[in-house]
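Visitor:
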Amino acid sequence: NAMELIKQERLKRGIPIDSEADPAKSGLIGISMSPVTTDTGFLPAKQTSLNPNFAAVIVHLLKLAGVKEGDLVAVGPSGSFPAINIAAYAAIQTLKLRPVIISSAAASQWGANAPDFLWIDMERILMERHVFPFRSVAASRGGVDDRGFGMSKEGRKLLDENIQRNGLQLIDVKNSTDGVNRRMQIYSEQSGGAPIKAYINIGGGTASVGTTVGKKLFKPGLNRTAPRGAAAIDSVMTRFANEGIPV
78 NAMELIKQER
88 LKRGIPIDSE
98 ADPAKSGLIG
108 ISMSPVTTDT
118 GFLPAKQTSL
128 NPNFAAVIVH
138 LLKLAGVKEG
148 DLVAVGPSGS
158 FPAINIAAYA
168 AIQTLKLRPV
178 IISSAAASQW
188 GANAPDFLWI
198 DMERILMERH
208 VFPFRSVAAS
218 RGGVDDRGFG
228 MSKEGRKLLD
238 ENIQRNGLQL
248 IDVKNSTDGV
258 NRRMQIYSEQ
268 SGGAPIKAYI
278 NIGGGTASVG
288 TTVGKKLFKP
298 GLNRTAPRGA
308 AAIDSVMTRF
318 ANEGIPV
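The numbering of the sequence shown is my numbering, which starts it at 78 and goes up by one.
Below you can see the structure in the form of structure tokens.
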């Protein structure tokens, strides 16, 4: 339902679907380049992410992590994989969990990188249409240092305006460490003292998973502890893992 709604909304906004890049005509494959594109993207990975069975995979991983109905989970979606973001939200709703969500607004190639239809636009629409009862409480620009470093002034302005338009708290940071600190602070504040039982990272956000080294250290799927060498790479994933919270 969520995927179909996003497809229809995209068409309504006059954003064409490229049948060569998106042969499934899902509407969840973005464009090659735009002012809000952070990095190169691997198109086959984006096409693979469209499989709705990823929701079942996330349910399975959360059950392995020992998460139960009513538990609080922290979530760090990136605009790079909107289809997997939707799968994660579906899994969270199915298991009746309570999420605290902080998104990265920008996206790599072929992600949610149309300037007027970012991931944070999509999740707001899904909440307004009563598909999911939750969405992000805050968002960063994303990209290098989690602040769009290296992007054009136009691109950064578009991201800031979009975050403001969606009524989200803007995480405006000096560097990636500052970004990690702010995210951990917001997760703590929003939890209201309740324990966070798992952290779900989607994509390769710098603050969420760390640098390229951090991305390689953590394995796909469930990580119960921080991998060897992760202590040298500051990230939200590392900090949660060091607290014994599965990621």
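Just so you know, even glycine gets a beta-carbon here, dropped at the ideal spot from N, CA and C.
Report the rounded CA-to-CA distance for residue 85 versus residue 212, giving the unit in angstroms.
Guide: 20 Å
Visitor: DSSP three-state label for residue 169, please.
Guide: helix
Visitor: For a quick check, are the C-beta atoms of residue 272 and residue 138 less than 8 Å apart?
Guide: No, Cβ-Cβ distance for residue 272 and residue 138 is not below 8 Å.
Visitor: Should residue 321 be labelled buried (16 or more other beta-carbon atoms within 10 Å of its own) or exposed?
Guide: exposed
Visitor: Have a look at 159, 144, 224 and flag the residue whose alpha-carbon is nearest the alpha-carbon of residue 283.
Guide: Here the closest residue by C-alpha is 224.
Visitor: Check whether the stretch 163 to 181 and the stretch 294 to 301 are in contact - that is, three or more C-beta pairs closer than 8 Å.
Guide: At 8 Å Cβ cutoff, the stretches do not touch.
Visitor: Are residue 246 and residue 215 closer than 8 Å when you measure CB to CB?
Guide: yes
Visitor: So, does the stretch 109 to 122 touch the stretch 226 to 238, judging by three or more C-beta pairs under 8 Å?
Guide: With the cut-off at 8 Å, the stretch 109 to 122 and the stretch 226 to 238 touch.
Visitor: Which of the three DSSP states is assigned to residue 114 in this structure?
Guide: strand
Visitor: I think residue 257 touches residue 311, with their Cβ atoms under 8 Å apart; what is that distance to the nearest whole Å?
Guide: 6 Å
Visitor: So, with DSSP's three-state summary, where would you put residue 149?
Guide: strand
Visitor: Which residues in the same chain have their Cβ closer than 7 Å to the Cβ of residue 319, if we skip the five residues on either side of it in sequence?
Guide: 303
Visitor: Would you tell me roughly how many angstroms separate the C-alpha atoms of residue 162 and residue 279, rounded to the nearest one?
Guide: The alpha-carbon atoms of residue 162 and residue 279 are separated by roughly 7 Å.
Visitor: Hey, residue 184 and residue 155: beta-carbon distance below 8 Å or not?
Guide: Cβ atoms of residue 184 and residue 155: closer than 8 Å.
Visitor: Residue 132 lies in the beta strand (DSSP E); which residues open and close that run?
Guide: Where residue 132 is concerned, there is no enclosing beta strand (DSSP E), although the alpha helix (DSSP H) it sits in stretches over 131 to 141.
Visitor: Enumerate in chain order the residues of its own chain whose CB-to-CB distance from residue 99 is below 7 Å, with the five nearest sequence positions on each side excluded.
Guide: 106
Visitor: If I follow the unbroken beta strand (DSSP E) through residue 176, where does it start and stop?
Guide: 175 to 181
Visitor: Apart from the five residues just before and just after residue 102, which ones in its own chain have a Cβ nearer than 8 Å to its Cβ?
Guide: 84, 94, 96
Visitor: Under 6 Å Cβ to Cβ from residue 147, same chain only, skipping five residues before and after it: list those, please.
Guide: none
Visitor: What distance in whole Å lies between the Cβ atoms of residue 188 and residue 158, which are believed to be in contact at a cut-off of 8 Å?
Guide: 6 Å
Visitor: Compare the Cα-Cα distances from residue 117 to each of 143, 190, 314, 131 and report the closest residue.
Guide: Checking every option, the nearest Cα to that of residue 117 belongs to 190.
Visitor: Jot down the residue ranges of each uninterrupted beta strand (DSSP E) in the stretch 249 to 303, minimum 3 residues, whole runs only, in chain order.
Guide: The qualifying runs are 273 to 278.
Visitor: Expressed to the nearest angstrom, what Euclidean distance is found between the alpha-carbon atoms of residue 130 and residue 317?
Guide: 26 Å
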